[in-house]
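Trainee: The letter at position 28 of the sequence shown is residue 71 when you use my numbering, and the numbering goes up by one with no holes.
What follows is a structure written as structure tokens; I'll ask about it next.
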Amino acid sequence: MAQQLSKNEEHHRFMRRAIQRARDGVGAGQTPFGACIVRNGCVVSCEHNEVWKGTDITAHAEICAIRQACRTLRTIDLSECVIYSTCEPCPMCFSACHWARIPVICFGARIRDAQRIGFNELTLSNRQMKKLGASRVKIVPNVLREENLLLFQEWHSLDKKRGY
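Take a look at the structure:
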């Protein structure tokens, strides 16, 4: 009989998938962001940022993962899913999670951490977005925060990197 993972172990497992996907993206010349969408303990999509690949400033990891999850599940209603993001979703990505009805957002690094390494982030946290928009999304911050900060440091130390 398979042993049930604790919620913390589950969060770590799927966040590590997002981190690995972000590393894949960095290897492909992208930025250090990854997102994994899970439904009932199964990965539905796991994507990295593709801003530079398609010269599309909206192609953040969360947006790419939501697009793929919607195609895979053939719906725009992701209300049975959880999203794991290597960084706190920006206001655009938070809004997309809200519109897709994703009930739980788990993230590692924070928006201010992305700002510190040079990203042009709005200083509007998920907590503030939730409050201002009366969103019911549950926010789980700091999941494997140190591992996500290491990912940022790895990217920041590269000679050939492009932020935005």
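Idealized CB from N, CA, C, for every residue including glycine.
In this text, all values refer to a predicted model and were calculated from it rather than measured experimentally.
Report yes if the C-beta distance between Arg144 and Ser122 is below 8 Å; otherwise report no.
Mentor: One-based indexing of the sequence shown puts residue 144 at position 101. One-based indexing of the sequence shown puts residue 122 at position 79. Result yes, Cβ atoms of Arg144 and Ser122 sit closer than 8 Å.
Trainee: Is it the case that the segment 151–169 contacts the segment 129–138, given that we only count it when at least three CB pairs across the two stretches are under 8 Å?
Mentor: yes
Trainee: Select from Arg59, His54, Thr101 the residue whose C-alpha is nearest the C-alpha of Asn191.
Mentor: Here the question's residue 191 lines up with position 148 in the sequence shown. Comparing Cα positions, the closest option is Arg59.
Trainee: Can you tell which of Asn92, Arg82, Gln63 has its C-alpha closest to the C-alpha of Cys113?
Mentor: Within the sequence shown, residue 113 is the residue found at index 70, counting from 1. Here the closest residue by C-alpha is Arg82.
Trainee: Just how far apart, CA to CA, sit Thr101 and Phe76?
Mentor: Counted from its first residue, the sequence shown places residue 101 at position 58. Counted from its first residue, the sequence shown places residue 76 at position 33. Between Thr101 and Phe76, the C-alpha separation is close to 13 Å.
Trainee: List the endpoints of the continuous beta strand (DSSP E) containing Ser128.
Mentor: As a first step, residue 128 is located in the sequence shown; it is residue number 85 there, counting from the start. Where Ser128 is concerned, the enclosing beta strand (DSSP E) stretches over 124–130.
Trainee: Looking only at its own chain, which residues have a Cβ that is under 6 Å from the Cβ of Cys206, when we skip the five neighbours before and after it?
Mentor: Looking up residue 206 in the sequence shown gives position 163. In the sequence as presented, Cys is not what sits at residue 206; that position holds Gly. For Gly206, where only same-chain residues beyond five positions count, the Cβ hits under 6 Å are Gly161, Phe162.
Trainee: Please determine, among Phe57, Val125, Val87, Cys79, the residue with the shortest C-alpha to C-alpha distance to Arg103.
Mentor: Here residue 103 corresponds to residue number 60 of the sequence shown, with the count starting at 1. The question names Arg, but residue 103 in the sequence shown is His. Restricting attention to Phe57, Val125, Val87, Cys79, the CA atom closest to the CA of His103 is found in Cys79.
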